[in-house]
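Let me begin by presenting the structure, written as structure tokens, before commenting on it.
Protein chains: 2
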Amino acid sequence: MLSESAQPKDRPTMRDVAALAGVGIKTVSRVVNGVSTVAPELVERVRSAADKLGYRPNLTAANLRRSGGRTNTIGLLLEDIGNPFSSAVFRAVEDYARDRSVLVLAASLDENPQRERELTRKLIDRRVDGLIIMPAAQDYRYVLSEQQAGMSFVFVDRLPTPLLADAIVSDNRGGARTAVEHLLRTRRRRVAYFGDDMAIPTAAERFAGFTDALAAAGLVPDDRMVRHGLRTAEQARRAANDLLAGDPPEAIFTSQNLVTVGVVEALHERDLQHDVAIVGFDDIPFAAVLQPGITVMAQDPAAVGRKAVSRLFDRMNGDQSPPAVHTVLTRLIVRGSGELRLPE
Amino acid sequence: MLSESAQPKDRPTMRDVAALAGVGIKTVSRVVNGVSTVAPELVERVRSAADKLGYRPNLTAANLRRSGGRTNTIGLLLEDIGNPFSSAVFRAVEDYARDRSVLVLAASLDENPQRERELTRKLIDRRVDGLIIMPAAQDYRYVLSEQQAGMSFVFVDRLPTPLLADAIVSDNRGGARTAVEHLLRTRRRRVAYFGDDMAIPTAAERFAGFTDALAAAGLVPDDRMVRHGLRTAEQARRAANDLLAGDPPEAIFTSQNLVTVGVVEALHERDLQHDVAIVGFDDIPFAAVLQPGITVMAQDPAAVGRKAVSRLFDRMNGDQSPPAVHTVLTRLIVRGSGELRLPE
DNA sequence: CTGAAAGCGCTTACAG
DNA sequence: CTGAAAGCGCTTACAG
Numbered sequence: 001m002l003s004e005s006a007q008p009k010d011r012p013t014m015r016d017v018a019a020l021a022g023v024g025i026k027t028v029s030r031v032v033n034g035v036s037t038v039a040p041e042l043v044e045r046v047r048s049a050a051d052k053l054g055y056r057p058n059l060t061a062a063n064l065r066r067s068g069g070r071t072n073t074i075g076l077l078l079e080d081i082g083n084p085f086s087s088a089v090f091r092a093v094e095d096y097a098r099d100r101s102v103l104v105l106a107a108s109l110d111e112n113p114q115r116e117r118e119l120t121r122k123l124i125d126r127r128v129d130g131l132i133i134m135p136a137a138q139d140y141r142y143v144l145s146e147q148q149a150g151m152s153f154v155f156v157d158r159l160p161t162p163l164l165a166d167a168i169v170s171d172n173r174g175g176a177r178t179a180v181e182h183l184l185r186t187r188r189r190r191v192a193y194f195g196d197d198m199a200i201p202t203a204a205e206r207f208a209g210f211t212d213a214l215a216a217a218g219l220v221p222d223d224r225m226v227r228h229g230l231r232t233a234e235q236a237r238r239a240a241n242d243l244l245a246g247d248p249p250e251a252i253f254t255s256q257n258l259v260t261v262g263v264v265e266a267l268h269e270r271d272l273q274h275d276v277a278i279v280g281f282d283d284i285p286f287a288a289v290l291q292p293g294i295t296v297m298a299q300d301p302a303a304v305g306r307k308a309v310s311r312l313f314d315r316m317n318g319d320q321s322p323p324a325v326h327t328v329l330t331r332l333i334v335r336g337s338g339e340l341r342l343p344e
Numbered sequence: 001m002l003s004e005s006a007q008p009k010d011r012p013t014m015r016d017v018a019a020l021a022g023v024g025i026k027t028v029s030r031v032v033n034g035v036s037t038v039a040p041e042l043v044e045r046v047r048s049a050a051d052k053l054g055y056r057p058n059l060t061a062a063n064l065r066r067s068g069g070r071t072n073t074i075g076l077l078l079e080d081i082g083n084p085f086s087s088a089v090f091r092a093v094e095d096y097a098r099d100r101s102v103l104v105l106a107a108s109l110d111e112n113p114q115r116e117r118e119l120t121r122k123l124i125d126r127r128v129d130g131l132i133i134m135p136a137a138q139d140y141r142y143v144l145s146e147q148q149a150g151m152s153f154v155f156v157d158r159l160p161t162p163l164l165a166d167a168i169v170s171d172n173r174g175g176a177r178t179a180v181e182h183l184l185r186t187r188r189r190r191v192a193y194f195g196d197d198m199a200i201p202t203a204a205e206r207f208a209g210f211t212d213a214l215a216a217a218g219l220v221p222d223d224r225m226v227r228h229g230l231r232t233a234e235q236a237r238r239a240a241n242d243l244l245a246g247d248p249p250e251a252i253f254t255s256q257n258l259v260t261v262g263v264v265e266a267l268h269e270r271d272l273q274h275d276v277a278i279v280g281f282d283d284i285p286f287a288a289v290l291q292p293g294i295t296v297m298a299q300d301p302a303a304v305g306r307k308a309v310s311r312l313f314d315r316m317n318g319d320q321s322p323p324a325v326h327t328v329l330t331r332l333i334v335r336g337s338g339e340l341r342l343p344e
């Protein structure tokens with residue numbers, strides 16, 4: 001009863017324009033598509049008829065018959081459009097796509113594999129020309145049949161298993177290792193780890209980098225100072241307060257930005273920010289405003305996005321080379337918190 | 001020469017499925033659309049034929065003939081998908097749309113009116129069901145003819161002129177006024193203003209709120225303490241350092257988050273953070289960790305996005321009421337910097 | 001319950 | 001240079 005759709009007040013079609021201009025529909029088509037072999041006088045008649053009627057071509061109808069049948073649309077499935085990493089990837093993808101007159105249909109997955117399947121299907125049913133996915137699922141065999149049907153895929157931030165398509169990932173393990181090695185140069189030895197759910201592949205990689213660095217220094221992680229499964233800043237703040245209340249660590253490595261925020265808050269609450277060194281994975285806005293500034297291992301989401309979209313367009317244009325993993329390097333940004341001098 | 005498009009390996013169509021299942025195309029259509037009046041045995045034959053061929057329906061083709069002709073897609077034009085305000089609006093829009101099986105085509109405008117016109121047209125040519133726009137342009141008369149053709153519009157963050165469609169905006173003027181009135185309660189009188197380009201309507205509104213509050217207290221802005229046109233944190237930091245080097249103000253109001261960051265950095269550089277009170281418009285991460293914490297007037301981008309998308313769907317469902325402006329209230333978050341006590 | 005015909009708005013392939 | 005016919009993949013409207 002409620003929602004009786006607004007009267008669609010049917011838009012003018014090419015037929016309407018043709019009738020008003022007194023030409024054939026094909027001539028209107030030529031003018032709309034900028035084909036140059038139309039008599040100037042007819043071009044003018046068609047133009048003014050189109051303007052008068054407020055005619056706008058229907059692109060989906062045009063693509064239906066058009067050979068190749070591109071929709072000039074790509075799909076982008078992100079972890080969460082609201083988070084800075086996802087939105088920076090989006091921005092890079094958008095810029096590249098816009099230069100090629102391609103639009104982006106985007107949605108968030110929130111680590112929900114089922115939603116990923118549904119959205120993938122919906123995007124395919126709309127015949128996007130290609131798909132960039134920040135994976136939430138674990139099984140990507142369905143990709144195979146879609147690729148055979150001509151769909152292009154690129155994965156971002158995490159590796160699909162098995163590797164059926166290109167993937168662009170940050171150097172999570174190497175970056176984490178470098179970050180912790182940097183931290184160890186303060187000659188601190190008791191290093192705590194605060195991290196996200198280990199079921200998330202990037203979190204597991206970063207934890208591996210953490211243990212790599214300790215091992216290289218002849219150390220092993222102390223289980224009492226390792227906390228996994230932190231998904232929010234508030235959870236991280238509590239966990240850190242908990243640990244700091246006892247015998248505090250000398251240094252802390254945090255595996256992602258929300259965790260870093262929560263742990264830094266706890267350090268400030270306890271006035272330990274000048275005593276306990278910290279390096280976080282992922283940059284955070286305004287990290288430089290704090291005293292001390294927060295040293296981080298920054299990812300480069302724009303580079304990830306650019307690489308992903310350029311691979312996707314290569315694939316859409318017929319590149320048949322075997323799928324490959326592209327690793328985007330991370331960068332240490334030194335701001336103070338990771339270089340605290342040990343008291344004499 | 002270069003990009004020979006990948007062989008489209010033409011996807012199976014309903015006709016292919018019908019042939020394999022030994023039924024008419026219309027029966028396949030019924031099964032795909034879940035029409036219940038099909039013999040169970042035929043349903044089964046169609047299903048297995050579809051699976052075998054990897055059939056996926058072509059939604060754009062389906063919508064072409066379908067009455068009403070909805071594409072179940074809306075367009076969203078933001079200032080910059082990469083900035084937190086835009087991406088928070090996006091997230092709210094997405095959640096509402098997804099619950100209704102509608103996807104979102106999004107793009108950034110970067111304050112470029114020409115790009116806004118082009119993208120609006122492209123989205124209309126794809127026959128989105130509605131359009132949410134964070135305006136960059138100044139002239140919205142084209143909206144009128146599109147509305148007559150059945151397109152729904154909602155504007156966000158800024159008002160279109162003339163007001164031809166619903167608009168959802170933050171309470172920029174009122175929020176700024178309340179923020180500055182709060183600041184004046186510290187009994188400081190010499191209040192500086194640091195703000196963005198006055199050509200941006202929200203910046204102008206916030207400056208108006210600033211002067212409103214001063215006027216209500218019997219004060220007038222001191223031109224020497226008013227700086228417009230600050231677009232980055234670095235510009236704001238320099239401008240603040242410049243002012244603070246001379247005879248510093250007693251209090252500062254900043255009109256957006258990047259400006260707040262730059263000014264706070266300058267205050268810390270000069271160790272004036274406990275002497276000069278400050279309130280910023282727009283919340284910033286880590287504002288609570290600083291000493292003192294930064295008091296802000298926070299916007300609610302999620303509420304803006306929710307309201308915008310629900311108005312849009314109402315319009316799409318035939319709501320014909322006159323266009324209205326919906327104001328989303330801002331919220332003062334007290335953290336210390338705006339409540340500094342005056343030295344005796 | 002099932003399917004052949006016509007049509008959605010456009011383009012392709014072909015005559016003139 | 002121009003346009004009538006056929007077709008893109010599907011749905012509507014209609015017979016049976």
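Which chain is which? The protein sequence lines are A and B, in order. Residue numbers 1 to 344, in full-length UniProt numbering, belong to the letters of the first sequence in order. Residue numbers 1 to 344, in full-length UniProt numbering, belong to the letters of the second sequence in order. C-beta: ideal position from N, C-alpha, C; glycine also.
Check your understanding: Quick check: the segment 182-191 of chain A against the segment 328-340 of chain A, are there 3 or more CB pairs under 8 Å?
Key -> yes
**Study point:** Cβ neighbour criterion (16 or more within 10 Å) applied to A/Pro162
**Key:** exposed
Exercise for review: Quick one: residues in its chain with C-beta nearer than 8 Å to the C-beta of A/Ile284, no 5 flanking neighbours on either side, listed in chain order?
Suggested key: Asn257, Thr260, Val261, Ile294 and Val296
**Study point:** Any chain B beta carbon closer than 8 Å to A/Gln234
**Key:** Checking the sequence, you will find Glu at residue 234 of chain A rather than Gln. For A/Glu234, the answer is no, since every Cβ of chain B falls outside 8 Å of its Cβ.
Point to revise | Residues within the segment 297-315 of chain A neighbouring chain B, beta-carbon criterion of under 8 Å | key: Arg315
Exercise for review: Could you name the residues of chain B that residue 361 of chain A contacts, counting a contact when the two beta carbons are closer than 7 Å?
Suggested key: Within the shown structure, residues of chain A are numbered from 1 to 344, placing residue 361 of chain A beyond reach of any answer.
Practice item. Please confirm whether A/Ile74 and A/Val32 have their CB atoms less than 8 Å apart. Key: no
Check your understanding: Closest by CA to A/Gln138, which one among A/Ala233, A/Leu164, A/Gly130 and A/Ala149?
Key -> A/Leu164
**Study point:** Run of the beta strand (DSSP E) containing A/Ser170, from where it starts to where it stops
**Key:** Asp166 to Ser170
Exercise for review: Report, in whole angstroms, the separation of the C-beta atoms of B/Arg306 and B/Ala92, which I expect to be a contact under 8 Å.
Suggested key: 5 Å
Point to revise | 3 or more residues per run - each beta strand (DSSP E) lying fully within the segment 264-313 of chain B | key: 277-281 and 295-298
Check your understanding: So what does A/Phe155 bridge to, in DSSP terms?
Key -> A/Ile133 and A/Ala167
**Study point:** Nearest neighbour of B/Phe85, chosen from B/Ala245, B/Met134 and B/Val191 [CA to CA]
**Key:** B/Met134
Check your understanding: From A/Asp129 to B/Asp10, what does the alpha carbon distance come to, in whole angstroms?
Key -> 13 Å
Exercise for review: For A/Leu329, count neighbouring C-beta atoms within 10 Å of its own C-beta (all shown protein chains included) and say buried if the count is 16 or more, exposed if not.
Suggested key: exposed
Check your understanding: Helix or strand or just coil, what does DSSP make of A/Ile124?
Key -> helix
**Study point:** Residues of the segment 110-127 of chain A with Cβ closer than 9 Å to any Cβ of chain B, in chain order
**Key:** Arg115, Leu119, Arg121, Lys122, Leu123, Ile124, Asp125, Arg126 and Arg127
**Study point:** Inter-residue spacing [alpha-carbon to alpha-carbon] between A/Gly218 and A/Ala199
**Key:** 27 Å
Practice item. Output the distance between the C-alpha atoms of A/Ala21 and A/Arg126, rounded to the nearest integer angstrom. Key: 34 Å
Exercise for review: On the DSSP bridge assignment, give the partners of A/Ile25 in chain order.
Suggested key: DSSP output for A/Ile25 lists no bridge partner at all.
Exercise for review: Under 9 Å between beta-carbons, which chain B residues line up against A/Leu64? List them in chain order, please.
Suggested key: Asn58, Thr60, Ala61 and Leu64
Exercise for review: Pick helix, strand or coil for B/Ser108, following the three-state DSSP scheme.
Suggested key: strand
Practice item. Please confirm whether any heavy atom of the ligand MN lies closer than 7 Å to the CB of B/Arg311. Key: Inclusion of the ligand MN in the displayed structure is not the case, the ligand content being empty and no account of it being possible.
Exercise for review: With DSSP collapsed to three states, give me the class of B/Arg17.
Suggested key: According to the sequence displayed, residue 17 of chain B carries Val and not Arg. Helix, per DSSP.
Review point. To the nearest angstrom, how far is it from the Cα of B/Ala308 to the Cα of B/Ser152?
Key: 12 Å
Review point. In terms of residue numbering, what span does the alpha helix (DSSP H) encompassing B/Tyr55 cover?
Key: Run containing B/Tyr55: none; DSSP gives neither H nor E here.
Review point. Exposed or buried, which one is A/Glu205 when buried takes at least 16 other CB atoms within 10 Å?
Key: buried
**Study point:** Beta carbon proximity, B/Gly280 to chain A, threshold 8 Å
**Key:** no
Exercise for review: Check distances from the C-beta atoms of the segment 201-215 of chain A to those of chain B and list, in chain order, the residues that come in under 8 Å.
Suggested key: none
Check your understanding: Which of helix, strand or coil does DSSP assign to B/His182?
Key -> helix
Check your understanding: Name the chain B residues whose beta carbon is nearer than 7 Å to that of A/Ile74?
Key -> Ordered by position in chain B, no residue passes the 7 Å Cβ test against A/Ile74, which lies about 11 Å from the chain.
**Study point:** A/Tyr142 - partner residues in DSSP beta bridges
**Key:** Bridge partners of A/Tyr142: none, in fact.
Check your understanding: Listing by chain order, which chain A residues have their CB less than 9 Å from the CB of B/Leu105?
Key -> Thr73, Leu103, Val104, Leu105 and Ala106
Point to revise | Extent of the continuous beta strand (DSSP E) to which B/Thr327 belongs | key: Val325 to Val328
Check your understanding: Among residues of its own chain, excluding the 5 on either side of B/Val226, which ones have a beta-carbon nearer than 6 Å to its beta-carbon?
Key -> Tyr193
Check your understanding: From A/Leu53, A/Ala287 and A/Thr178, pick the residue whose C-alpha is nearest to that of B/Glu265; which is it?
Key -> A/Ala287
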